[in-house]
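Numbering (my numbering), first residue to last: 1 to 282.
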Ligand SMILES: C[S@@+](CC[C@H](N)C(=O)[O-])C[C@H]1O[C@@H](n2cnc3c(N)ncnc32)[C@H](O)[C@@H]1O
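Here it is in structure tokens:
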């Protein structure tokens, strides 16, 4: 049985307008997820356009199987990080990134991405085959590392006090689950928890460092005139993409970032903070 994604793809029409897929050309979906954007690019580039899709989370492979069955040779999937895209040895006509996490990861990965899933281990890694989990980070890091994450990545007003509190409480109860962390934070308000989870996720996946390297790799892997489209979900990511697009290698396709329509936000509230930036490689 083929598995069906729970993820509702964001800004699909706008990504297609930015990439302008054409039959015979080759595209890279750097963040495959549930494959919604890949599908849209394959459909827009029929009959002969190709898509190579990457995802650092190998559990997304089950969504790739359905597309492989439907599109055959036109579609190729690799469970690798986009940082490694140059290893493919392909020059692309268009590359897209859709950052953040998918609904499948949030709702069904068992890795603690949602603060509502209190019994899950607080892992938060996209690729759980190596590296430190968020729980390990909270149990093992020195005070200044905890402060850095709560201040710079979670942008929590009380970063200093929270880091001290975690240091204190972890001597008695080391964090293992989502519940343990929420108990130590001592606040169940989603407006407080969402940025804290985001901050820990950014840290354990090195999301900002990875994004800079991924964008540099994309610039190398695009043909001259090739198009780059990037969807971000918070200002830390958006700032990196904005600066990157102004590095002299790109001509902006849209002067201002594109946001979802009111209608899209209504039907998919997770699209609320999305911003699309697109440029053409000079
Ligand atoms: C928002 S989802 C993509 C959703 C997809 N566009 C769709 O329409 O279904 C983001 C995906 O990027 C993946 N990801 C995060 N960091 C990555 C990296 N460095 N390389 C490749 N994929 C990555 C995540 O595992 C996640 O599946």
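C-beta: ideal position from N, C-alpha, C; glycine also.
Any heavy atom of ligand 1 inside 7 Å of the beta-carbon of residue i?
{"i": "residue 105", "result": "yes"}
{"i": "residue 280", "result": "no"}
{"i": "residue 101", "result": "yes"}
{"i": "residue 31", "result": "yes"}
{"i": "residue 111", "result": "no"}
{"i": "residue 76", "result": "no"}
{"i": "residue 153", "result": "no"}
{"i": "residue 7", "result": "yes"}
{"i": "residue 98", "result": "yes"}
{"i": "residue 37", "result": "yes"}
{"i": "residue 133", "result": "no"}
{"i": "residue 276", "result": "no"}
{"i": "residue 56", "result": "yes"}
{"i": "residue 267", "result": "no"}
{"i": "residue 82", "result": "yes"}
{"i": "residue 150", "result": "no"}
{"i": "residue 60", "result": "yes"}
{"i": "residue 126", "result": "yes"}
Could you work out which residue in the options is closest to residue i when comparing CA atoms only?
{"i": "residue 363", "options": "204, 234, 36", "result": "Any property of residue 363 remains undetermined from this structure, which presents the chain solely from 1 to 282."}
{"i": "residue 88", "options": "30, 194, 182, 257", "result": "30"}
{"i": "residue 78", "options": "168, 152, 33", "result": "33"}
{"i": "residue 15", "options": "101, 201, 23, 39", "result": "39"}
{"i": "residue 232", "options": "195, 213, 241, 194", "result": "241"}
{"i": "residue 93", "options": "50, 217, 35, 100", "result": "50"}
{"i": "residue 54", "options": "25, 22, 96, 17", "result": "96"}
{"i": "residue 135", "options": "175, 129, 198, 105", "result": "175"}
{"i": "residue 18", "options": "268, 263, 257, 266", "result": "257"}
{"i": "residue 273", "options": "20, 236, 73, 23", "result": "236"}
{"i": "residue 255", "options": "196, 169, 229, 111", "result": "229"}
{"i": "residue 187", "options": "211, 227, 162, 206", "result": "162"}
Starting from residue i, follow the beta strand (DSSP E) in both directions and report where the run begins and ends.
{"i": "residue 223", "result": "222-232"}
{"i": "residue 279", "result": "275-281"}
{"i": "residue 53", "result": "50-54"}
{"i": "residue 250", "result": "250-252"}
{"i": "residue 28", "result": "26-29"}
Can you name the start and end residues of the alpha helix (DSSP H) that residue i belongs to?
{"i": "residue 38", "result": "36-44"}
{"i": "residue 183", "result": "178-185"}
{"i": "residue 137", "result": "134-140"}
{"i": "residue 242", "result": "235-245"}
{"i": "residue 193", "result": "190-204"}
{"i": "residue 63", "result": "61-71"}
{"i": "residue 164", "result": "159-169"}
{"i": "residue 266", "result": "262-267"}
{"i": "residue 78", "result": "Segment 75-78 is the beta strand (DSSP E) holding residue 78; no alpha helix (DSSP H) there."}
{"i": "residue 148", "result": "143-148"}
{"i": "residue 18", "result": "12-19"}
At the 8 Å Cβ level, is residue i part of the contact set with chain C, yes or no?
{"i": "residue 26", "result": "In summary, chain C is missing from the structure at hand, where a single protein chain is found."}
Continuous alpha helix (DSSP H) assignments of at least 4 residues falling wholly in the stretch 92-122: 103-108
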